[in-house]
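Chains as they are written, first to last, in the working numbering: chain A, 538 to 864; chain B, 4 to 295. Notes for the one structure printed next.
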Amino acid sequence: MEAILETHKLTHVYSAGTPFEHAALTDVDFTAYRGEYLGVIGRTGSGKSTLIQHLNGLLKPTSGQVRFEGRDIWESKARTRQTRFQVGLVFQYPEYQLFEETVYQDISFGPRNMGLDEGEVDRRVRQAAAFVGLSEQALEQSPFELSGGQKRRVAIAGVIAMEPSVLVLDEPTAGLDPVGVESILSNIRDYHRAKNATIILVSHSMDQVARTVDRLVVVENGRIPFTGAPREVFAHGAELARMGLGVPAMTRVFHRLRAMGVDIDPSVYTVEQARDAILAKLDRGPHKAGQRLCGEGKKEPADMEFSASLAENGMEHTPSDEGKGAE
Amino acid sequence: MDQAIIKTKDLRFSYPSEEGVALLVLDGVNLEIQQGSFVAVLGHNGSGKSTLAKHMNAILLPTGGAVYVDGMDTADEARLLDIRRTVGMVFQNPDNQIVANVVEEDVAFAPENLGVPPEEIRRRVDEALRQVDMYEYREHAPHLLSGGQKQRVAIAGVIAMRPRCIVLDEPTAMLDPIGRAEVLRTIQALNRESGVTVVLITHHMDEAAQADRLVVMAGGRIVADGAPRAVFQRVEELKSVGLTVPETIQLLWHLRQAGLDVPLDALSDEECAQALFQLLSGKEGKGFGSDS
């Protein structure tokens with residue numbers, strides 16, 4: 538896998554030299570690979586927002602490096618500027634940043650700043666609007682007449698219109714209802730597939746990232762304690778709960794089952810995986826795993842099932858869950 | 004049961020629109036909320052749940068039907084102050100609800116406006132901050148608090164008015180899991196220990212599951228009303244109105260679809276694990292007793 542965006546020993550200290558000095562990130566080595574769908578999870582104050590603000594040069598490292606396509610993004614002004622067009626950042630509650638008179642103008646702000654000609658700007662605005670499911674009529678409306686969910690789409694389209702090769706979204710579904718959440722996530726997935734873009738989804742909702750991403754990076758206390766495929770990360774259920782991260786409900790239930798003496802792999806995180814694991818254990822599923830009740834905590838070969846259900850869940854972008862585990 | 008503190012009768016509400024075509028948001032809602040109960044109102048965006056909440060302390064007035072707060076018609080302007088004293092409201096965004104630069108001053112804001120004497124204000128503010136577990140932060144600046152802490156300060160500000168009922172409109176939507184848990188604990192304690200009636204508007208299934216009673220809204224009407232355990236068993240129905248059920252119940256529902264005999268009311272992690280345990284040990288027949 539080719540790294541597209543990396544940090545090397547990235548350290549960021551806020552208010553250095555004052556009594557409020559606070560290290561938000563300490564020696565962080567972070568990698569995003571080209572074309573992957575990456576989730577970044579961490580509780581409020583973990584440093585995850587500080588980390589992503591370094592990815593397109595909004596914050597400058599106190600020490601260490603941020604590299605885009607192998608080159609330090611701070612090596613020249615031109616390089617920094619170019620990175621900002623290539624790494625699109627959608628903030629939390631981006632709808633508060635809308636300012637133009639029409640939706641069209643708002644979405645076109647980014648591509649215009651890139652110095653593109655009118656025809657190209659128009660193409661990008663329409664395509665970005667289509668990605669997020671905004672109708673042609675909506676383009677002529679004032680963004681302030683739209684509902685909260687629609688405004689959020691406009692804001693996301695504004696970043697997509699710059700056609701970044703890396704799209705970073707900070708809590709893009711916060712405050713939306715389940716239908717709104719699914720629809721925004723599927724818009725992002727469409728962009729990911731159509732452009733083979735790298736997506737970095739920042740969230741504190743484990744349930745959501747678990748269903749969505751290829752790989753997870755956990756940020757805690759300015760460091761990265763875990764990274765890997767979701768099921769590898771969720772196997773650390775107890776530690777994640779201690780960090781104040783919500784572990785998916787299915788993972789919690791399976792950990793309880795294990796504590797009751799049932800020999801079952803607790804690294805499930807979706808309802809479908811849980812169903813398949815239970816059915817398999819009852820010899821009812823498609824895969825007969827030779828598992829027994831009340832084992833000595835011995836790991837049974839459940840990997841096959843997970844790979845199968847991962848594929849069912851449309852995560853076929855995961856070339857190899859195993860290989861990407863440890864960095 | 005006690006008297007209803009909030010009662011809506013054939014409540015209809017439509018927002019006026021520019022073209023003069025009224026948009027009907029509430030289409031005949033009949034609801035009685037008993038004093039001292041904890042009621043969750045669940046619905047997707049646009050279901051009318053927030054509009055319903057705003058009728059509960061006369062922020063909005065019905066365009067048809069009526070709403071009574073402790074017997075007072077909310078359309079009666081002369082009773083507005085009494086209505087607002089009876090039912091307090093907490094909104095989604097904590098940043099929009101905090102007005103002062105010091106936590107305790109913020110909490111004192113409402114009782115000051117109500118003309119409560121200073122020593123009584125002091126007492127109420129301290130008590131309210133203790134109830135939401137923010138007393139030690141009383142001299143802090145609100146903008147430096149976490150989302151969950153800010154929301155608890157907002158709740159304290161409402162409690163300081165000593166309302167008998169609190170309506171919370173998606174109070175945790177902008178919070179992380181820790182903040183959500185803090186706010187939910189606070190709400191539960193208020194209901195159980197202080198007997199405050201709680202109406203929680205939410206789209207989080209796990210929060211709705213904590214209530215005594217769950218009201219589901221769709222298309223401006225009440226489509227289900229009952230104990231969460233009972234309502235969540237109506238899996239298909241809830242799906243048809245754009246809602247899901249907690250994952251624990253989804254799993255059991257899927258297993259039922261596969262022809263297995265499992266209960267559909269195992270709501271908590273513990274109950275779900277127990278049901279699965281029974282299922283697995285029953286099949287294996289290795290003599291697992293119910294050791295819990």
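Backbone N, C-alpha and C define an ideal beta-carbon position, used for all residues, glycine too. Computed from a predicted structure; not experimentally measured.
C-alpha gap between residue i and residue j, whole angstroms
i: Arg237 (chain B); j: Gly223 (chain B); result: 19 angstroms
i: Gly39 (chain B); j: Met651 (chain A); result: 59 angstroms
i: Ala826 (chain A); j: Ile815 (chain A); result: In this prediction, Ala826 (chain A) scores a pLDDT of 42, lower than 50, which makes its location untrustworthy; no coordinate-derived value is stated.
i: Ser645 (chain A); j: Glu708 (chain A); result: 23 angstroms
i: Gln674 (chain A); j: Pro680 (chain A); result: 12 angstroms
i: Leu542 (chain A); j: Gly717 (chain A); result: 30 angstroms
i: Gly198 (chain B); j: Ile9 (chain B); result: 15 angstroms
i: Arg167 (chain B); j: Ala561 (chain A); result: 43 angstroms
i: Ile162 (chain B); j: Thr710 (chain A); result: 31 angstroms
i: Gly851 (chain A); j: Arg195 (chain B); result: Because Gly851 (chain A) carries a pLDDT of 33, less than 50, the predicted location of this residue cannot be relied on, and the following value inherits that uncertainty. Looking at the two C-alpha atoms, the distance is approximately 45 angstroms.
i: Lys835 (chain A); j: Pro767 (chain A); result: Its pLDDT being 37, under 50, Lys835 (chain A) is placed unreliably in this model, and the value from its coordinates should be taken loosely. One C-alpha to the other measures close to 21 angstroms.
i: Leu884 (chain A); j: Ala667 (chain A); result: Residue 884 (chain A) falls outside the range modelled here, since chain A spans only 538 to 864, and no answer is possible.
i: Ser271 (chain B); j: Pro231 (chain B); result: 11 angstroms
i: Asn758 (chain A); j: Thr66 (chain B); result: 52 angstroms
i: Ala276 (chain B); j: Gln623 (chain A); result: 47 angstroms
i: Met780 (chain A); j: Arg580 (chain A); result: 7 angstroms
i: Ser552 (chain A); j: Asp643 (chain A); result: 34 angstroms
i: Gly584 (chain A); j: Gly160 (chain B); result: 31 angstroms
i: Glu657 (chain A); j: Val669 (chain A); result: 19 angstroms
i: Pro838 (chain A); j: Gly151 (chain B); result: Here Pro838 (chain A) scores only 37 on pLDDT, less than 50, and its place in the model should not be relied on; the value that follows carries that caveat. Computed Cα separation, rounded: 42 angstroms.
i: Gln828 (chain A); j: Gly783 (chain A); result: Low confidence applies here, because Gln828 (chain A) scores a pLDDT of 39, under 50, leaving its location unreliable and the question unanswered by this model.
i: Arg15 (chain B); j: Ile62 (chain B); result: 15 angstroms
i: His741 (chain A); j: Thr175 (chain B); result: 13 angstroms
i: Ala212 (chain B); j: Lys546 (chain A); result: 44 angstroms
Of the residues the options, the one placed nearest residue i, counting alpha carbons only
i: Leu575 (chain A); options: A:Arg760, A:Ile736, A:Gly774, A:Asp802; result: A:Ile736
i: Thr587 (chain A); options: A:Val756, A:Glu558, A:Leu653; result: A:Val756
i: Pro598 (chain A); options: A:Arg580, A:Asp566, A:Arg571; result: A:Asp566
i: Val226 (chain B); options: B:Ala233, B:Arg232, B:Val218; result: B:Val218
i: Ala307 (chain B); options: A:Lys614, A:Arg768, A:Leu794, A:Tyr806; result: For residue 307 (chain B) there is no data in the structure shown, the boundaries of chain B being 4 and 295.
i: Thr544 (chain A); options: A:Ala711, A:Ser702, A:Asp609, A:Ser740; result: A:Asp609
i: Glu107 (chain B); options: B:Val156, B:Pro249, B:Gln260; result: B:Val156
i: Ala786 (chain A); options: B:Glu273, B:Glu240, B:Ser243; result: B:Glu273
i: Val627 (chain A); options: A:Thr749, A:Leu704, A:Asp813, A:His549; result: A:Leu704
i: Gly682 (chain A); options: A:Thr639, A:Asn724, A:Phe791; result: In the sequence as displayed, the identity of residue 682 (chain A) is Glu instead of Gly. Nearest C-alpha to Glu682 (chain A): A:Thr639.
i: Glu42 (chain B); options: B:Gly229, B:Asp228, B:Lys12, B:Ala214; result: Note that residue 42 (chain B) is Val in the sequence shown, not Glu. Nearest of B:Gly229, B:Asp228, B:Lys12, B:Ala214 to Val42 (chain B), Cα basis: B:Ala214.
i: Val577 (chain A); options: A:Tyr806, A:Thr749, A:Tyr641; result: A:Thr749
i: Ala734 (chain A); options: A:Val696, A:Gln745, A:Arg760, A:Gly712; result: A:Val696
i: Leu753 (chain A); options: A:Glu539, A:Ala811, A:Ala569, A:Thr548; result: A:Ala569
i: Glu637 (chain A); options: A:Gly572, A:Leu676, A:Ala811; result: A:Leu676
i: Arg689 (chain A); options: A:Tyr633, A:Val799, A:Tyr806; result: A:Tyr633
Cβ distance (whole Å) where residue i is taken to contact residue j below 8 angstroms
i: Met743 (chain A); j: Gly625 (chain A); result: Their Cβ separation, rounded to whole angstroms, is 25 angstroms, which puts Met743 (chain A) and Gly625 (chain A) out of contact at 8 angstroms.
i: Val105 (chain B); j: Glu142 (chain B); result: 6 angstroms
i: Leu178 (chain B); j: Val186 (chain B); result: 7 angstroms
i: Ser804 (chain A); j: Phe771 (chain A); result: 6 angstroms
i: Arg32 (chain B); j: Ile204 (chain B); result: According to the sequence as given, residue 32 (chain B) is Val; it is not Arg. Actually they are not in contact, since the Cβ atoms of Val32 (chain B) and Ile204 (chain B) sit about 13 angstroms apart, beyond 8 angstroms.
i: Gln95 (chain B); j: Gly712 (chain A); result: 7 angstroms
i: Ser600 (chain A); j: Thr548 (chain A); result: 5 angstroms
Chain E contact residues for residue i, given Cβ-Cβ distances below 7 angstroms
i: Lys818 (chain A); result: In the structure shown, chain E cannot be found, because the protein chains are A and B.
Quick one, which residues of the region 253–267 of chain B are near chain A if we go by CB-CB under 7 angstroms, in chain order?
Gln253, Leu254, His257, Leu258, Ala261
Fully enclosed by the region 745–795 of chain A, which alpha helix (DSSP H) runs are 4 residues long or longer?
767–771, 774–779
Under 8 angstroms, CB to CB, which of the residues in the region 558–592 of chain A have a partner in chain B?
Arg580, Thr581, Gly582
Select from the region 681–693 of chain A all residues with a C-beta closer than 7 angstroms to any C-beta belonging to chain B, and list them in chain order.
Gly686
Of all the residues that make up the region 708–720 of chain A, which are near chain B by a beta-carbon distance shorter than 8 angstroms?
Ala711, Gly712, Leu713, Asp714, Pro715, Val716, Gly717
Listed from N- to C-terminal order along the chain, which residues in the region 177–190 of chain B have their beta-carbon within a distance smaller than 8 angstroms of any beta-carbon of chain A?
Met177, Asp179, Pro180, Ile181, Gly182
Check distances from the C-beta atoms of the region 44–55 of chain B to those of chain A and list, in chain order, the residues that come in under 9 angstroms.
Gly46, His47, Asn48, Gly49, Ser50
Segments assigned beta strand (DSSP E), at least 3 residues, entirely inside the region 217–261 of chain B:
224–229
What are the residues in the region 215–248 of chain B lying within 9 angstroms of chain A by C-beta distance?
Gly245, Leu246, Thr247
Can you give me, in chain order, the residues of the region 795–806 of chain A that have a beta carbon less than 7 angstroms from any beta carbon in chain B?
Met797, Val799
Entirely within the region 686–719 of chain A and at least 3 residues each: give me those beta strand (DSSP E) ranges in chain order.
703–707
Against chain B, which members of the region 770–795 of chain A pass a CB distance test of less than 7 angstroms?
Gly781, Leu782, Gly783, Ala786, Met787, Arg789, Val790, Arg793, Leu794
List in chain order: all unbroken alpha helix (DSSP H) runs of 4+ residues lying wholly within the region 70–141 of chain B.
83–89, 106–116, 121–134
Only counting runs of 4 or more residues, tell me where the alpha helix (DSSP H) segments fall wholly within the region 30–58 of chain B, in order along the chain.
52–58
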